[in-house]
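Take the sequence shown: its letters are residues 6 to 69, numbered as in the numbering used here. Where a beta carbon is used, it is the ideal one built from N, C-alpha and C, also for glycine. Only a predicted model underlies this, so the values are computations on that prediction, with no experimental measurement involved.
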Amino acid sequence: MLPRRSSTVERAFALARDGATSIGQIRMGLRLERCDNVDAHLAGSSIRKDLQRAMATAAAARGT
Numbered sequence: 006m007l008p009r010r011s012s013t014v015e016r017a018f019a020l021a022r023d024g025a026t027s028i029g030q031i032r033m034g035l036r037l038e039r040c041d042n043v044d045a046h047l048a049g050s051s052i053r054k055d056l057q058r059a060m061a062t063a064a065a066a067r068g069t
């Protein structure tokens with residue numbers, strides 16, 4: 006059985022937690038990983054705000 010691949014949104018939040026510093030970096034990372042419908046998944050203002058919050062929380066935890 007093949008391992009389950011993370012959804013585009015799940016992967017976006019993982020990138021946000023792992024050190025991405027902008028939505029643009031997240032988009033680029035998702036495209037490089039060949040995730041589906043990147044622009045459609047990240048089009049809403051709510052998800053962008055949530056990703057910004059995740060990036061800020063991760064940066065604070067790293068002390069940057």
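Beta-carbon proximity list for residue i, same chain, < 8 Å, skipping 5 on both sides
i, result
"residue 32", "43, 44 and 47"
"residue 67", "24"
Straight-line Cα distance separating residue j from residue i
i, j, result
"residue 36", "residue 11", "14 Å"
"residue 54", "residue 28", "10 Å"
"residue 30", "residue 20", "9 Å"
"residue 63", "residue 49", "21 Å"
"residue 69", "residue 9", "33 Å"
"residue 34", "residue 61", "18 Å"
Cutoff 7 Å; reference residue i; Cβ partners in own chain excluding five residues on either side
i, result
"residue 41", "13"
6 Å CB neighbourhood of residue i in its chain, flanking five on each side removed
i, result
"residue 52", "none"
Collapsed DSSP secondary structure at residue i in the structure displayed
i, result
"residue 48", "coil"
"residue 39", "coil"
"residue 34", "helix"
"residue 70", "Given a span of 6 to 69 for the chain in the structure shown, any question on residue 70 remains unanswerable."
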